[in-house]
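Data first, discussion second: the structure below is written as structure tokens.
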Ligand code: AAT
């Protein structure tokens, strides 16, 4: 923070940086895993930053949380057991619990500081972490999935931070194999997969790794002003039954959404030509 502005600089997006005007710093700490910063901004509500990277702002978080959650959940005929890896702010859990069929969601974040500070400073995201359908586990997502006694899931959402630091293993083939093993037949996954404008070869490598294990893997995206270059996507795959974009049954209406609707669901898979060429034909 300099001269009242937070600036998001990183070698992951060289030569550019999102800046947000700070009204007040609310919290700083060095947790076991990362630098945690929460500030109140002038125009984006409260903002959570980990290791200098914006994780969410109150003004636009719904775009990301709704899309990473409802694309796999709403394409599944009857999701009951859901796992969220990362996402300690609780935003994805809030979206998951909009689906009446869901009777249990496990959330696994490596860093206890994230749910703790989110409960205080991001209450609209974190409130349902206390719901009786939700269990919060503080653990590494990769290690959690290796538990041989793990009960299987219908949908697994990887809401992870970027692949530098504690989340790096969550973008590699062994992790995608663990996801596959942890899914019920017919299960679906979505996994945070970065930005078309910045990370096209990386998206391709995630998609190729997922495809080797799930046969079909597609990229769907959302727009969001406070993530790098204003766009982020998810690799979506399911255990059986053809491409994720071909939803057989009519999509249900998910209540209380501000970004997601059934047409947005379908449109999210339609890529601009520079991305389509590499991701779908490359
Ligand atoms: N809901 C949008 C915010 C996130 S949070 C990503 C979370 O992943 C963080 O809380 C972090 O503690 C957690 N995390 C990182 N590594 C692991 C791991 N190995 N196991 C479990 N949780 C982990 C996503 C932000 C996207 C940013 C885009 N630039």
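Numbering (my numbering), first residue to last: 2 to 283.
We put the CB at the ideal spot given by N, CA and C, even for glycine.
query, result
"Report the option in 262, 191, 80 and 153 whose CA atom is closest to the CA atom of residue 184.", "153"
"Given this structure, state the Cα-to-Cα distance separating residue 89 from residue 218, to the nearest angstrom.", "25 Å"
"The ligand AAT and residue 139: does the residue's C-beta get closer than 6 Å to at least one heavy atom of that ligand?", "no"
"Would residue 155 and residue 266 qualify as a contact pair, given that the criterion is a beta-carbon distance under 7 Å?", "no"
"In whole angstroms, what separates the C-alpha of residue 47 from that of residue 161?", "20 Å"
"Within its chain, find whatever has a CB closer than 6 Å to the CB of residue 180; leave out the 5 residues flanking it on each side and keep chain order.", "157 and 190"
"What are the boundary residues of the alpha helix (DSSP H) that includes residue 111?", "Segment: none, residue 111 is in no alpha helix (DSSP H) and carries neither H nor E."
"Which partner residues of residue 220 appear in the DSSP bridge assignment?", "236"
"Helix, strand or coil: how does DSSP classify residue 267 here?", "helix"
"Do residue 187 and the ligand AAT come close, with the Cβ less than 6 Å from some heavy atom?", "no"
"Between residue 96 and the rest of its own chain, which residues show a CB-CB distance below 7 Å, the 5 nearest in sequence each way excluded?", "66, 67, 70 and 71"
"Candidates 146, 64 and 41: which alpha carbon is nearest residue 121's?", "41"
"Is there at least one non-hydrogen atom of the ligand ATP closer than 6 Å to the beta-carbon of residue 228?", "In the structure shown, the ligand ATP is absent; the only ligands present are the ligand AAT."
"Just grab the DSSP bridge partners of residue 154 for me.", "184"
"Which of the three DSSP states, helix, strand or coil, is assigned to residue 30?", "strand"
"Out of 260, 281 and 229, which one is the CA nearest neighbour of residue 246?", "281"
"Please report the residue range of the alpha helix (DSSP H) in which residue 87 lies.", "Run containing residue 87: none in the alpha helix (DSSP H); it sits in the beta strand (DSSP E), 82-87."
"Tell me whether residue 239 is buried or exposed, calling it buried when 16 or more other Cβ atoms sit within 10 Å of its Cβ.", "buried"
"Give the DSSP bridge partners of residue 9, in chain order.", "19"
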